[in-house]
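Using our numbering, the first residue of the first sequence is number -16, and each one after it goes up by one. Ideal Cβ positions, reconstructed from N, Cα and C, are used throughout, including at glycine. On a predicted model such as this, the values are computed, not experimentally measured, just so you know. See structure below.
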Amino acid sequence: MSKELVSRKEDFSKWYNDLVAKADLAEHSAVRGCMVIKPTGYAIWEKMQQALDKMFKDTGHVNAYFPLFIPKSFFSKEASHIDGFAKECAVVTHYRLKNSENGIIVDPDAKLEEELIVRPTSETIIWHTYKGWIQSYRDLPLLINQWANVVRWEMRTRLFLRTAEFLWQEGHTAHATAKEAMEETERMLNVYADFAENFMAVPVIKGVKTPNERFAGAIDTYCIEAMLQDGKALQAGTSHFLGQNFAKAFDVKFTNKEGVLDYVWATSWGVSTRLMGALIMSHSDDNGLVIPPKLAHTQVVIVPIYKGEEGLAKINEAVAPIKQKLEAKGISVKYDNRDTQRPGWKFAEYEMKGIPVRIAIGERDLQNGTVEVARRDELTKEVLSIEGIENNIENLLKEIQDNLYKKALARREQSTQQVDTYEEFKKAIERGGFVYAHWDGTAETEQKIKEETKATIRCVPLNNKKENGKCVYSGKPSEQRVLFAVAY
RNA sequence: CGGGGUGUAGCGUAGCCCGGUUAUCGCGCCUGCUUUGGGAGCAGGAGGUCGUGUGUUCGAAUCACACCACCCCGACCA
């Protein structure tokens, strides 16, 4: 079977779908809109989880778990929250099946008194619970994260980028003051940006969402926005300042140091398996997946090239110490000496799966005391001495990590435009990428631009330069440029 | 949820318009031998409710209707 991909240039969408399938990351399931994450894909998600989880712990958070089901009544307590999620909730109405003439049916006698919502996010059940946990300022701050699955009944789905069920983490924190909650919101936004840039090698823009794009129930939504290879924007993570909205909705009060009863201040923040989509669409090429070393389940694969069983035995012997030295450096190594596949096949396979470094070693190398080292990011090869190979590989992995970030950053810079008129704006959006333009700050203008060009305001970048200008659409005065793009 | 398209072996497909032997080909899979520095070669072999259901017909992959799934485009969205 030809495992070749259609090129990104020819059909980016098909390239992505084929890549996810051929790199063995995930597949569609029997359930509409839901995917099966296969071991190769899940391994990357696990690496992401490990790195993020450590960052959460390092910033003082602990993990907990809240139920999948949420009583329907909880949702009606925060008005804008229900408005935001009502259209995409899965609802459990019964708790039993039974046999009938037509096979298994839902037992009409087993109707739930109160219907349960499969969580689209957990603010409501968590704040209901927090009410029982918080009485005094001494109980604050409460810094909790949970790793979970959530369900949002999407009309149109895309593997990893948008599925009906997805995996994520959601942090939910409670604080004594607005200032503290704001600081938490920013801290976690920075954690996400740090993770995206230093682990995923994906440069991101930190910013604030406009009211239109804000999380349902938040006072302010902060985000990191990435740009993928096709020039479209992807919201890669969000951190919300919830003010006292949920505390008021669920009556969560505490006594402060002055003995005064007050509502607590809240934040929530999350990233999901969507990050997998961002990762894939940021670095991969027409030969397949490219995984940054820090997120690669296997960082180095060693492929033996040999003739006959004796030949393989000799190479096995030579590889063992190399593998050991690499592993001693904390590098994850797979030695693929399966006799069922030929070397060329393995080369192509590991390229498709994005393993950062490949070492090939054959008879010729044994004589010369060398190995052939190939790097996935640039698809180049060099012959290196076995002596000190572990140091060279260690450096190479760092270099690849670095190189991927630099390439992604360069691509973003190249596709970032600044415009002053609506004509230019439309052309720039047509071309794709990020577009900085003046905006009058009204929801009406934002909406019109979206209708006419499909571009949305991704965010108002943090620490944005103040600069007087005129809105590209309305011509009204504006004090700063905001970031527009067509988004996933 | 609207508009368009597609469904034939694990994957990709021919056949369908114009109904008629045993449903085509490639890749993959299995067995054996030879191979192994970029997706090996030869020989043999297995694998199919033609998306599902109902109907038309002597006869349906092929015609009709309904349903389901997926893809593309819109509206919605992490």
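Burial state of residue i, where buried means 16 or more other Cβ atoms lie within 10 Å
i              : result
glutamate 435  : exposed
leucine 362    : exposed
threonine 204  : buried
threonine 404  : exposed
tryptophan 110 : buried
glycine 24     : buried
asparagine 351 : exposed
asparagine 195 : exposed
histidine 77   : exposed
leucine 172    : buried
serine 267     : buried
glutamine 397  : exposed
tyrosine 48    : exposed
Residues near residue i in its chain [Cβ-Cβ closer than 8 angstroms; skip 5 each side]
i                : result
phenylalanine -5 : Gln212 and Asp213
Residue i versus residue j - alpha carbon distance
i                 : j             : result
phenylalanine 408 : glycine 115   : 52 angstroms
serine 265        : tyrosine -1   : 11 angstroms
lysine 329        : arginine 79   : 50 angstroms
lysine 162        : lysine 55     : 32 angstroms
lysine 277        : leucine 144   : 21 angstroms
tryptophan 136    : alanine 391   : 32 angstroms
histidine 223     : proline 304   : 50 angstroms
lysine 317        : valine 254    : 30 angstroms
alanine 73        : threonine 323 : 46 angstroms
valine 19         : valine 185    : 25 angstroms
leucine -12       : alanine 331   : 12 angstroms
lysine 192        : glycine 260   : 21 angstroms
glycine 242       : aspartate 122 : 14 angstroms
arginine 341      : proline 275   : 14 angstroms
asparagine 228    : leucine 99    : 23 angstroms
Host alpha helix (DSSP H) of residue i (start-end)
i              : result
asparagine 446 : Looking at the DSSP string, asparagine 446 is not in any alpha helix (DSSP H), and its letter there is neither H nor E.
proline 460    : Per DSSP, proline 460 belongs to no alpha helix (DSSP H); it is in the beta strand (DSSP E), 460 to 468.
serine 265     : 257 to 266
threonine 168  : 161 to 181
valine 273     : Premise fails: valine 273 is in no alpha helix (DSSP H) and is neither H nor E.
valine 302     : 291 to 311
threonine 436  : 426 to 436
tryptophan 28  : 22 to 41
Bounding residues of the beta strand (DSSP E) (the contiguous stretch that carries residue i)
i             : result
alanine 6     : No beta strand (DSSP E) contains alanine 6, which DSSP labels as neither H nor E.
alanine 209   : 203 to 210
aspartate 245 : 244 to 246
leucine 144   : It is not in any beta strand (DSSP E) - leucine 144 carries neither H nor E in the DSSP assignment.
histidine 280 : Unbroken run through histidine 280: none, as it is neither H nor E.
histidine 77  : 74 to 77
histidine 421 : 417 to 421
Residues of its chain near residue i, where Cβ-Cβ distance is below 7 angstroms and the 5 sequence neighbours each way are ignored
i             : result
glutamate 334 : Asn270, Gly271 and Arg359
leucine 225   : Gly200, Ala201, Ile202, Ala249, Thr250 and Ser251
alanine 6     : Thr23, Gly271, Leu272, Met335, Lys336 and Gly337
Beta-carbon contacts of residue i that lie in its chain and below 6 angstroms, excluding the five residues immediately before and after
i             : result
tyrosine 469  : Before going on, a small fix: residue 469 reads as valine here, not tyrosine. Cβ neighbours of valine 469 beyond the five flanking positions: Lys215, Lys437 and Ala438.
alanine 26    : His280
lysine 231    : Tyr246
glutamate 377 : Lys312
leucine 150   : Asn132 and Thr256
valine 356    : Ile342, Glu365 and Leu367
lysine 30     : Leu278
arginine 395  : Pro186 and Met210
For residue i, the nearest candidate out of the options (CA to CA)
i             : options                           : result
lysine 415    : Glu406, Thr428 and Gln400         : Going by the sequence as given, residue 415 is glycine instead of lysine. Nearest C-alpha to glycine 415: Gln400.
tyrosine 456  : Leu309, Thr425 and Val(-11)       : Thr425
glutamine 282 : Pro50, Asp385, Leu380 and Trp(-2) : Leu380
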